[in-house]
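Per numbering that gives the first Met the number 0, the sequence shown starts with residue 0, numbered consecutively. Each residue gets a CB set at the ideal place from its N, CA and C atoms; glycine is no exception. Being a predicted model, the structure only gives us computed values, none of them experimental.
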Amino acid sequence: MSVAAPARQASLFHLLRRKIALREAGDLAHEAIRPVLVVLGGAMRGVGGGAMVTALHDIGVAGAFEAVAGLSAGAATVAYFAAGAEAARRGTAIFYNVLPPDFIQFRRQPFMQLQKLESAFREGEYALPPVQQWSNIPVWVGAFARRAQQPVWINARASKDPVKDILASCAVPVLWPHGVRNRGEIFTDGELLFSRALPELLVSLRATDVVFITNAGARTAAAYSVWQAFRGAMARGVYRFLQFTLPLSPQDKELVLLFLRMQQVFTREVVERSALSVPRIYVLWAPAPGVRRTSQRPQRLYEHALCAYGAVYKALGLPAPQDPPLVPLSC
């Protein structure tokens, strides 16, 4: 696998702006630029993903993506993202204004209160807007089908009940062992074995650029997240280069490259039968010091959201606002 020298951090911003400019000008050249946004989970640290997609709206590049895909906590994030900037803000606030202090409790069974999440999605000031109010961007939600024993991608835009699809992706088996009954199946957390299904989705979308949002708390964990996302079935040499929009240490870059060399992501057959050009990978990630996956402290979660929001501006080479326009902490 050959890896070119990393481009400057602002390259992703210029790519997304160029996509939008070409599309608005009616220039069909925009079809050659097909960025796809993939938002990973992170349990309560999913608040970081919500803040980051909100920043993409505020920067003005949200409309550049051909499609969005989310897994676990990221499933809710991409749905709120598709519903617009204000919806993305409200969806982010669920993590620190609604779920604490008892969304996850290890002194009861089941550990997770999935019904509390469903209530937030369906009613009240943080409810997910109906599909009719979403933008036209395709929205894919990943879940694991227990009976079929395989990961699947659900088209949330075409769903009769997108909230149920999101809950299916969020149902972590250890925390909510019942799963979610939907579409004649029992679904659980979408991040389980999702790497088997992600390559096929990217091929079907003809992605040229893949932007990952991850909520890893350390650089090595971020590197591991990339490996987790792309382990499974890829022939050596498929990627021309690997770009990171946030700086990683040389050791971390070597770690990522080692993982990608050792693990295969796309099979040769998948590549040969598709029109997919070799994709560029970008990773948007914000450190979460002191924020555990099961953290129930609203103040700490809110601070993580602020950090993640500013991290996107930094990654794109832009000055971050001193007072990020997120929904204020209510308690």
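Which residue wins for smallest C-alpha separation from residue i, given the options the options?
| i | options | result |
| --- | --- | --- |
| Glu-331 | Lys-163, Tyr-95, Ile-136 and Pro-100 | Outside the modelled stretch of the chain, which goes from 0 to 330, sits residue 331, for which no answer is possible. |
| Asp-57 | Gly-73, Ala-68 and Phe-80 | Phe-80 |
| Ser-158 | Leu-305, Gln-131, Arg-22 and Cys-169 | Gln-131 |
| Leu-11 | Val-311, His-29, Asn-154 and Ala-68 | Val-311 |
| Glu-85 | Ser-134, Gln-149 and Asp-160 | Ser-134 |
| Pro-323 | Met-43, Gly-45, Arg-88 and Leu-21 | Arg-88 |
| Phe-120 | Ile-165, Gly-47 and His-13 | Ile-165 |
| Ala-68 | Lys-313, Val-35, Gly-59 and Ala-61 | Val-35 |
| Thr-331 | His-303, Ser-203 and Trp-152 | Only positions 0 to 330 of the chain appear in the structure, and residue 331 is not among them; the question remains open. |
| Asp-101 | Ala-170, Ala-61 and Gln-295 | Gln-295 |
| Thr-91 | Ile-153, Ala-170, Lys-163 and Gly-45 | Gly-45 |
| Met-43 | Ser-118, Gln-104, Glu-124 and Glu-23 | Gln-104 |
| His-279 | Tyr-308, Gly-309, Arg-205 and Ala-307 | With the sequence shown as reference, residue 279 is identified as Arg, and His is not the correct amino acid for it. Nearest option by C-alpha distance: Arg-205. |
| Ile-153 | Lys-313, Asn-181 and Val-171 | Asn-181 |
Under 8 Å between the Cβ atoms of residue i and residue j?
| i | j | result |
| --- | --- | --- |
| Arg-328 | Pro-297 | First, the residue type needs correcting, since residue 328 is Leu and not Arg in the sequence shown. It is a contact, given that the beta carbons lie within the stated cut-off. |
| Leu-70 | Leu-39 | yes |
| Trp-139 | Leu-201 | no |
| Leu-315 | Phe-211 | no |
| Ala-155 | Pro-161 | yes |
| Asp-208 | Tyr-301 | no |
| Ile-19 | Val-60 | yes |
| Leu-116 | Ala-82 | no |
| Thr-48 | Ala-72 | According to the sequence displayed, residue 48 carries Gly and not Thr. Yes, the Cβ-Cβ distance between Gly-48 and Ala-72 is below 8 Å. |
| Ala-74 | Gly-25 | no |
Which partner residues of residue i appear in the DSSP bridge assignment?
| i | result |
| --- | --- |
| Trp-152 | Gly-141 |
| Glu-184 | Asn-181 |
| Asp-164 | DSSP lists no partner for Asp-164. |
| Phe-211 | Val-37 and Val-282 |
| Ile-103 | Met-111 |
Any heavy atom of the ligand NAD inside 7 Å of the beta-carbon of residue i?
| i | result |
| --- | --- |
| Gly-48 | Although the ligand NAD was asked about, the structure shown includes no ligands whatsoever. |
Please decide whether residue i counts as near chain B, where near means a Cβ-Cβ distance under 8 Å.
| i | result |
| --- | --- |
| Trp-152 | In the displayed structure, chain B is absent; only one protein chain is listed. |
Any contact between the stretch 93-108 and the stretch 51-64? By contact I mean 3 or more CB pairs, one from each, below 8 Å.
Verdict: no, contact absent.
Okay, do the stretch 168-187 and the stretch 143-151 touch, 3+ Cβ pairs below 8 Å being the bar?
In this structure the stretch 168-187 lies against the stretch 143-151, because at least three pairs of beta carbons, one per stretch, are closer than 8 Å.
Restricting to runs no shorter than 4 residues, where is the alpha helix (DSSP H) found entirely within the stretch 23-75?
Runs of the alpha helix (DSSP H) inside the stretch 23-75: 45-58.
Between the stretch 107-126 and the stretch 169-178, do three or more beta carbon pairs fall short of 8 Å?
They touch, by the three-pair rule.
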